[in-house]
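Asker: Numbering-wise (full-length UniProt numbering), the sequence shown opens with residue 1 and increments by one.
Ideal Cβ positions, reconstructed from N, Cα and C, are used throughout, including at glycine.
Handing you this structure, nothing more for now.
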Amino acid sequence: MAETSIQNLNKPKDAFEQLEDEEGTRQGFCHIRIQQRTGRKTITTVQGIAPEYDLKKIVRYLKKVGPMSASEFIANNAKMIYGINEHFNVLQLMPCYSMPQYCHLHELNCTVRALDCSPNLGNVANFVDEADLFHSDPIAFVESNIDLVNDADYIVVYKKTFSMEYNCNGTTVEHPEYGEVIQLTGDQRQHIKDFLCKVGIVKEENCKIHGF
Numbered sequence: 001m002a003e004t005s006i007q008n009l010n011k012p013k014d015a016f017e018q019l020e021d022e023e024g025t026r027q028g029f030c031h032i033r034i035q036q037r038t039g040r041k042t043i044t045t046v047q048g049i050a051p052e053y054d055l056k057k058i059v060r061y062l063k064k065v066g067p068m069s070a071s072e073f074i075a076n077n078a079k080m081i082y083g084i085n086e087h088f089n090v091l092q093l094m095p096c097y098s099m100p101q102y103c104h105l106h107e108l109n110c111t112v113r114a115l116d117c118s119p120n121l122g123n124v125a126n127f128v129d130e131a132d133l134f135h136s137d138p139i140a141f142v143e144s145n146i147d148l149v150n151d152a153d154y155i156v157v158y159k160k161t162f163s164m165e166y167n168c169n170g171t172t173v174e175h176p177e178y179g180e181v182i183q184l185t186g187d188q189r190q191h192i193k194d195f196l197c198k199v200g201i202v203k204e205e206n207c208k209i210h211g212f
């Protein structure tokens, strides 16, 4: 019986490595479509992913890729600008452990500062951790910590806080004709195609993008 968990496929290989027999990519085409909703809102649907993959886990992973991509970008960009010896600062205006830190930057001479979300061990009355303080009023937090911001060579913040590539909301739904499909907010067609092909879930020649 095929495993339904994407993290249990073909152990002990990485969860997102391509299956050696590529069974999932040979079963047919993966169709990625955009649909107009109310007003200017759109959704992206993905249909045709092989049944041995857990679509819910793929959606959960997509919600995490934004922070991972940010760490990879900083690491690659800093290597070009600072090399491995010159020091630089990374400020993450997001709760602690929201994104990978030194696992991507361990070769570089850098200091990473994230918003503190430590528990109230001292039982301080009306305690508010730094992460909650920031999200309650980001502009006020930045203004009161302007030196911290000015000292940063890289600043990472969630896009929604001030208005990352795959970072989006999504779910799985049961379609009467296509079965279980992925739905993502906004136009994510190229992003989701790049992701599915990169991790080997589908072959590029089997992945079709459709317009309205």
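Regarding Asn123 and the ligand ZN, is the C-beta to nearest heavy atom distance less than 6 angstroms?
Answerer: What this structure holds is no ligand at all, so the ligand ZN is not there to describe.
Asker: Pull the bridge partners of His31 from the DSSP assignment, please.
Answerer: Residue mapping note: residue 31 aligns to position 31 of the sequence shown, counting from 1. BP columns for His31 point to Gln47 and Lys208.
Asker: Measuring only the C-alpha atoms, how far is His191 from Asp129?
Answerer: Locating residue 191 in the sequence shown gives position 191, counting from the first residue. Locating residue 129 in the sequence shown gives position 129, counting from the first residue. His191 and Asp129: Cα-Cα distance of roughly 34 angstroms.
Asker: In the DSSP assignment, what residue or residues form a beta bridge with Tyr154?
Answerer: Indexing the sequence shown from 1 puts residue 154 at position 154. According to DSSP, Tyr154 bridges with Val90.
Asker: Starting from the Cα of Val202, find the closest Cα among Pro51, Ile34 and Glu174 and give me that residue.
Answerer: Here residue 202 is taken as the residue at index 202 of the sequence shown, counted from 1. If we check each option's Cα against that of Val202, Pro51 comes out closest.
Asker: Between the Cα of Val174 and the Cα atoms of Lys193, Cys197 and Lys56, which residue gives the shortest distance?
Answerer: Counting from 1 along the sequence shown, the entry for residue 174 is found at position 174. Per the sequence shown, the amino acid found at residue 174 is Glu instead of Val. The option with the nearest alpha carbon to Glu174 is Lys56.
Asker: Going by beta-carbon coordinates alone, are Leu105 and Ala75 separated by less than 7 angstroms?
Answerer: If you number the sequence shown from 1, residue 105 lands on position 105. If you number the sequence shown from 1, residue 75 lands on position 75. Cβ atoms of Leu105 and Ala75: closer than 7 angstroms.
Asker: DSSP three-state call for Gln36: helix, strand or coil?
Answerer: To locate residue 36, count along the sequence shown from 1; it is residue 36. Strand, per DSSP.
Asker: For Ile182, which beta-bridge partners are listed by DSSP?
Answerer: Counting from 1 along the sequence shown, the entry for residue 182 is found at position 182. Partner(s): Val46 and Thr172.
Asker: Span of the beta strand (DSSP E) holding Leu108?
Answerer: Working through the sequence shown from its first residue, we reach residue 108 at position 108. Careful: Leu108 lies outside any beta strand (DSSP E) and carries neither H nor E.
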